[in-house]
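Q:
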Amino acid sequence: MQTILFYRFPPLDHLQPRFVAFSDDFPAVSPEELKMVLKDISPNKAPGIDGLTHGVVGEMILTDLVRFTNIFNTCFEEKRDLSNVGKCQVVLYPKRAKNLGNSASWNQLFLLPL
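Here the working numbering runs 3 ahead of the position in the sequence shown, where the first position is 1.
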């Protein structure tokens, strides 16, 4: 069994991590470049955590390509962290004079990160 594991999953001791340094003068992306990238990705790609396929996201971007490109470039210029996009914290608070055992008796407040 050990021989099979060693053959299928060899040790990775010889691999060295490769670090890529990004400079601060990242060139702005043009709408044409963004359109080219969107064409290269399959529209049937599996949906992400939001449940949207690439085809749907691509159509949304192409609806206003210039505005989306400006948002994309602004995020790079201001060094915005986009890892929290689409994440929020949900806070439940009860409605007045309702049975709290019923899920319809609660309001939801969605707190978005800034």
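Backbone N, C-alpha and C fix where the C-beta goes; we use that ideal spot for every residue, glycine too. Here the structure is a predicted model, which is why all the values come from computation and not from measurement.
Given that a residue counts as buried once 16 or more other Cβ atoms are within 10 Å of its Cβ, and exposed if not, what is I64?
A: The residue is buried, with at least 16 neighbouring Cβ atoms inside 10 Å.
Q: At the level of alpha carbons, what is the spacing between P46 and V32?
A: Computed Cα separation, rounded: 21 Å.
Q: If we call anything under 8 Å between Cβ atoms a contact, is L68 one with L112?
A: It is not a contact, given that the beta carbons lie outside the stated cut-off.
Q: What is the rounded straight-line gap between the Cα of L103 and the Cα of W109?
A: Each residue's alpha carbon lies about 7 Å from the other.
Q: Would you mind sorting T72 into buried or exposed? The rule is 16 or more other CB atoms within 10 Å of its CB.
A: Looking at its Cβ environment, which holds 16 or more other Cβ atoms inside 10 Å, T72 is buried.
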